[in-house]
């Protein structure tokens, strides 16, 4: 009897696939159930951010920046605003810095909640997803009180914030602080330390530290691989040096260092740290003006690169000014773009079902990948 | 090490390839940068990455900028070991057929970043393993981030623009 | 073999723990509301549909310049030399209205609710209302007119074809 003939099969995953977190197409080259290569094809959500930015004034870029990583708009705004402020040399009032940090950290919690909830959904559990959205709603309500919008805020402006926070918001944030701590414990019980979840994610999609650095991974993906690197700590900006917090890293508690569970757990632990930061910043918030006095934004010719720690990694903005009211060039270097570029390397030899788990653990937002 | 020391060090090593070290003018703010000649870019970046005192192991960003008379590629590098960073710039005078050597073999992350520059500026990277368009469709015409770009009217029967 | 049964035991235990927790959560107050019947109370700064009080508008076009998506269209004609120049209302600073404003259109298909236009308005005549339900049967209905002598609302109301046939 002659041998059975086998051949590699190409499977197209996406662009409309629930586990790709947006419109991402992955070309899977499979041998049976094992994935030989995973080639991501992006660009389905390309909205010409960089070309847009060249055609509006510095302030008008802000709404477009919001729409890059639409789950963490406040963090995007902080990166862009600080890049322009670096170019301008403007000093931001202390109160504005505190408001920014409170908002950014709340948004980090909201973003991680979404990442965790949908990750649970990817690997087959539904309840944590609903709980995560319930808690995220609380944060969105706070943002709505402050800025009037629920998702795309345009609240942090160049030189400060749009308006001072509404009276009553501090009580609301305090209430959230008391409410949310126990919720993380519940999340731990139902998802993080659930044996089925652990077995599903441990030793899957291991990214060694060398690979992570070589690919330029940042944020929780890098920390999951065991590198203690956080821009808020290592290259502190804004008021982070005045606040106390830890940088959680992946330790290989359940399997190897840098597997999906480690990356997931870094996010859960980061939420606790963010909560600490919010409480501290709220306590120390001084009174004073909320926006620096400035004329229309018109930086002198020059260029600046500024990066901040976003929920998904380091978001950098490279801005070139030619002295006019419009930026000459704005380049956004998004963390998700680099995260997804290493997918091919870590998916080799994984099962097809694990590819879903790996994409979920990288926590990509396609709005930011494609810009 | 600050940018100035690194620039001096590079000047010692590659006296003919380093063109200028520029700091922002007195009134302006921003980052200083080192301008290098495009032929030597790979050698210089390799030196920056592999020299023990420099060891730039983290490539932050590769961006292209279009000026009226030239194209620029800007490399932002950072080192996890020594915690210093540097901006390397290189100028391409030939706007019709700009070419430069790839740095994919030094940082794997450069692969997609270079593809993006190729996609939006039309700068082709020599020896790149997989130089395709990344954000735009494969059969798109023109390079959108060039200042003189005019979009095509129709793409596969779809009207473009408003 | 031992690991196999250990895994089963641990799996069952985690499920049981989760179930108990879910049961506790089930008796907490509901987080949802029955949306079309019950509506949320919106905060004061809510960004809803833009509204222009044209009697206070001085035709400075700052909003159209600030708009990052260019969705505000204004036609301003200078008043003649012998025409009387009216003032805006006292609350908005009683400024001179030097222009006729036959057209003040906002295209809500483009608007991105960034609120940049309302901030620059010197007389606060352009502001955001709390209205957030925009669904229409025809895209044209989202282009609103606010010009002088016009009734604020859709520029040209086009009845959807399927409704016409019913009549």
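Chains as they are written, first to last, in this note's numbering: chain B, 439 to 809; chain V, 961 to 1122; chain Y, -6 to 160. Ideal Cβ positions, reconstructed from N, Cα and C, are used throughout, including at glycine.
- Item | Straight-line gap, residue 733 of chain B to residue 449 of chain B (C-alpha atoms, nearest Å) | Within the first chain, numbered from 1, the residue matching residue 733 of chain B stands at position 295. Within the first chain, numbered from 1, the residue matching residue 449 of chain B stands at position 11. Spanning the two alpha carbons is a distance of roughly 55 angstroms.
- Rounded to a whole number of angstroms, what is the C-alpha to C-alpha distance between residue 38 of chain Y and residue 88 of chain Y? Position 45 of the third chain, counted from the start, is the residue given in the question as residue 38 of chain Y. Position 95 of the third chain, counted from the start, is the residue given in the question as residue 88 of chain Y. Each residue's alpha carbon lies about 26 angstroms from the other.
- Message: Please identify the residue among B:603, B:689, B:457 whose C-alpha is closest to the C-alpha of residue 644 of chain B.
- Response: For the purposes of this step, residue 644 of chain B is taken as the residue at position 206 of the first chain. The shortest C-alpha separation from residue 644 of chain B is found at B:689.
- Item | residue 1036 of chain V and residue 754 of chain B closer than 9 angstroms at C-beta | Within the second chain, numbered from 1, the residue matching residue 1036 of chain V stands at position 76. Within the first chain, numbered from 1, the residue matching residue 754 of chain B stands at position 316. Yes; because the gap between Cβ atoms is below 9 angstroms, this pair is in contact.
- Query: How about residue 1088 of chain V and residue 1071 of chain V: do their beta carbons lie closer than 9 angstroms?
  - Reply: On the second chain, residue 1088 of chain V is found 128 positions in, with the first residue counted as 1. On the second chain, residue 1071 of chain V is found 111 positions in, with the first residue counted as 1. Yes, they are a contact pair.
- Query: Using a Cβ-Cβ distance under 9 angstroms, would residue 545 of chain B count as near chain Y?
  - Reply: Against the first chain, residue 545 of chain B aligns to sequence position 107. Answer no: the Cβ-Cβ gap between residue 545 of chain B and chain Y never drops below 9 angstroms.
- Message: Quick check: is the beta carbon of residue 699 of chain B nearer than 9 angstroms to any beta carbon in chain V?
- Response: Within the first chain, residue 699 of chain B is the residue found at index 261, counting from 1. Judged by the 9 angstroms Cβ criterion, residue 699 of chain B is not in contact with chain V.
- Query: For the beta strand (DSSP E) that contains residue 751 of chain B, what are its first and last residues?
  - Reply: Walking along the first chain from the start, residue 751 of chain B turns up at place 313. Its beta strand (DSSP E) spans residues 751 to 759.
- Query: Can you list, in chain order, the residues of its chain whose CB lies under 8 angstroms from that of residue 1120 of chain V, leaving out five sequence neighbours each side?
  - Reply: Translated into the one-based positions of the second chain, residue 1120 of chain V becomes position 160. 1111, 1112, 1113, 1114.
- Query: At a cut of 8 angstroms, does the stretch 593 to 603 of chain B reach the stretch 519 to 529 of chain B through at least three beta carbon pairs?
  - Reply: yes
- Give every residue of the same chain whose Cβ lies closer than 7 angstroms to the Cβ of residue 553 of chain B, excluding the five residues on either side of it in the sequence, and list them in chain order. Within the first chain, the letter at position 115 stands for residue 553 of chain B. Around residue 553 of chain B: 705, 801.
- Item | Rounded separation between residue 128 of chain Y and residue 120 of chain Y - CA only | In the third chain, the residue the question calls residue 128 of chain Y occupies position 135. In the third chain, the residue the question calls residue 120 of chain Y occupies position 127. Cα-Cα distance, rounded: 20 angstroms.
- Report the residue ranges of all alpha helix (DSSP H) runs contained in full by the stretch 616 to 674 of chain B; include only those spanning at least 4 residues, in chain order. 633 to 639, 647 to 653, 658 to 662, 669 to 672
- Are residue 805 of chain B and residue 1095 of chain V closer than 9 angstroms when you measure CB to CB? Position 367 of the first chain holds residue 805 of chain B. Position 135 of the second chain holds residue 1095 of chain V. Contact: no.
- Message: Comparing C-alpha positions only, which one of Y:113, Y:76, Y:23, Y:41 sits nearest to residue 568 of chain B?
- Response: Residue numbering aside, residue 568 of chain B sits at position 130 when the first chain is read from its first letter. Of the candidates Y:113, Y:76, Y:23, Y:41, the one whose C-alpha sits nearest the C-alpha of residue 568 of chain B is Y:23.
- Task: Decide yes or no for the touch test of the stretch 638 to 652 of chain B against the stretch 780 to 798 of chain B: beta carbon pairs closer than 8 angstroms, at least 3 of them.
- Result: yes
- Message: Under DSSP, the beta strand (DSSP E) around residue 600 of chain B begins and ends at which residues?
- Response: Translated into positions along the first chain, residue 600 of chain B becomes position 162. Residue 600 of chain B -> no beta strand (DSSP E), and no H or E assigned at all.
- Distance, residue 13 of chain Y Cα to residue 7 of chain Y Cα: For the purposes of this step, residue 7 of chain Y is taken as residue 14 along the third chain, with counting starting at 1. For the purposes of this step, residue 13 of chain Y is taken as residue 20 along the third chain, with counting starting at 1. Residue 7 of chain Y and residue 13 of chain Y: Cα-Cα distance of roughly 10 angstroms.
- Message: Judging by CA-CA distance, which residue of Y:83, Y:3, Y:113 is the nearest neighbour of residue 627 of chain B?
- Response: In the first chain, the residue the question calls residue 627 of chain B occupies position 189. Here the closest residue by C-alpha is Y:3.
- Express the C-alpha separation of residue 1109 of chain V and residue 1098 of chain V in angstroms, rounding to a whole number. Locating residue 1098 of chain V in the second chain gives position 138, counting from the first residue. Locating residue 1109 of chain V in the second chain gives position 149, counting from the first residue. Residue 1098 of chain V and residue 1109 of chain V: Cα-Cα distance of roughly 17 angstroms.
- Message: List, in chain order, every chain B residue whose beta-carbon is nearer than 8 angstroms to that of residue 1023 of chain V.
- Response: For this step, residue 1023 of chain V is matched to residue 63 along the second chain. Within chain B, the residues near residue 1023 of chain V are 756, 767, 769, 771.
- Query: So, using beta-carbon positions, are residue 97 of chain Y and residue 132 of chain Y closer together than 9 angstroms?
  - Reply: In the third chain, the residue the question calls residue 97 of chain Y occupies position 104. In the third chain, the residue the question calls residue 132 of chain Y occupies position 139. No; because the gap between Cβ atoms is not below 9 angstroms, this pair is not in contact.
- Message: Strictly below 8 angstroms CB to CB, what residues from chain Y border residue 872 of chain B?
- Response: Here chain B covers residues 439 to 809 and nothing more, so residue 872 of chain B does not appear.
- Query: What residues are listed by DSSP as bridge partners for residue 1026 of chain V?
  - Reply: As a working note, residue 1026 of chain V is residue 66 in the second chain. For residue 1026 of chain V, which the question treats as bridged, DSSP gives the partners V:1031.
- Message: List, in chain order, every chain B residue whose beta-carbon is nearer than 8 angstroms to that of residue 1094 of chain V.
- Response: Translated into positions along the second chain, residue 1094 of chain V becomes position 134. 480, 481, listed in chain order.
- List, in order along the chain, the chain C residues whose C-beta lies closer than 8 angstroms to that of residue 743 of chain B? Absent from the structure is chain C; the protein chains it does hold are B, V and Y.
- Option nearest residue 723 of chain B by Cα separation, candidates B:588, B:611, B:666, B:618: Taking the first residue of the first chain as position 1, residue 723 of chain B is located at position 285. Measuring from the Cα of residue 723 of chain B, the nearest candidate turns out to be B:611.
- Among residues of its own chain, excluding the 5 on either side of residue 583 of chain B, which ones have a beta-carbon nearer than 7 angstroms to its beta-carbon? In the first chain, counting from the first residue as 1, residue 583 of chain B sits at position 145. Taken in chain order, the residues that qualify are 604, 607, 610.
- Could you tell me which chain B residues have their CB closer than 8 angstroms to the CB of residue 42 of chain Y, listed as they occur along the chain? Taking the first residue of the third chain as 1, we reach residue 42 of chain Y at position 49. Chain B residues near residue 42 of chain Y: none, gap ~13 angstroms exceeds 8 angstroms.
- Proximity of residue 992 of chain V and residue 983 of chain V at Cβ, strictly below 9 angstroms: In the second chain, the residue the question calls residue 992 of chain V occupies position 32. In the second chain, the residue the question calls residue 983 of chain V occupies position 23. In this structure, residue 983 of chain V lies closer than 9 angstroms to residue 992 of chain V by Cβ.
- Taking residue 486 of chain B as the query, report the chain V residues whose CB atoms sit under 8 angstroms from its CB, ordered along the chain. Translated into positions along the first chain, residue 486 of chain B becomes position 48. Chain V residues near residue 486 of chain B: 1104.
- Item | 6 angstroms CB neighbourhood of residue 961 of chain V in its chain, flanking five on each side removed | Translated into the one-based positions of the second chain, residue 961 of chain V becomes position 1. So the list reads 1044, once near-sequence residues are dropped.
- Task: Determine, using beta-carbon pairs with one atom in the stretch 736 to 751 of chain B and one in the stretch 498 to 510 of chain B, whether at least three such pairs fall under 8 angstroms.
- Result: yes
- Between residue 86 of chain Y and the rest of its own chain, which residues show a CB-CB distance below 8 angstroms, the 5 nearest in sequence each way excluded? Taking the first residue of the third chain as 1, we reach residue 86 of chain Y at position 93. Cβ neighbours of residue 86 of chain Y beyond the five flanking positions: 115, 116.
- Query: In its own chain, which residues sit with a C-beta less than 6 angstroms from the C-beta of residue 160 of chain Y, not counting the 5 before and 5 after it?
  - Reply: The sequence position of residue 160 of chain Y within the third chain is 167, counting from 1. Bear in mind that a pLDDT of 49 at residue 160 of chain Y, under 50, signals an unreliable position, so the number given afterwards is only what the model happens to contain. None.
- Item | Within chain B, partners of residue 7 of chain Y - CB distance below 9 angstroms | The sequence position of residue 7 of chain Y within the third chain is 14, counting from 1. The contacting residues are 627, 628, 631, 632, 633, 634, 635, 636.
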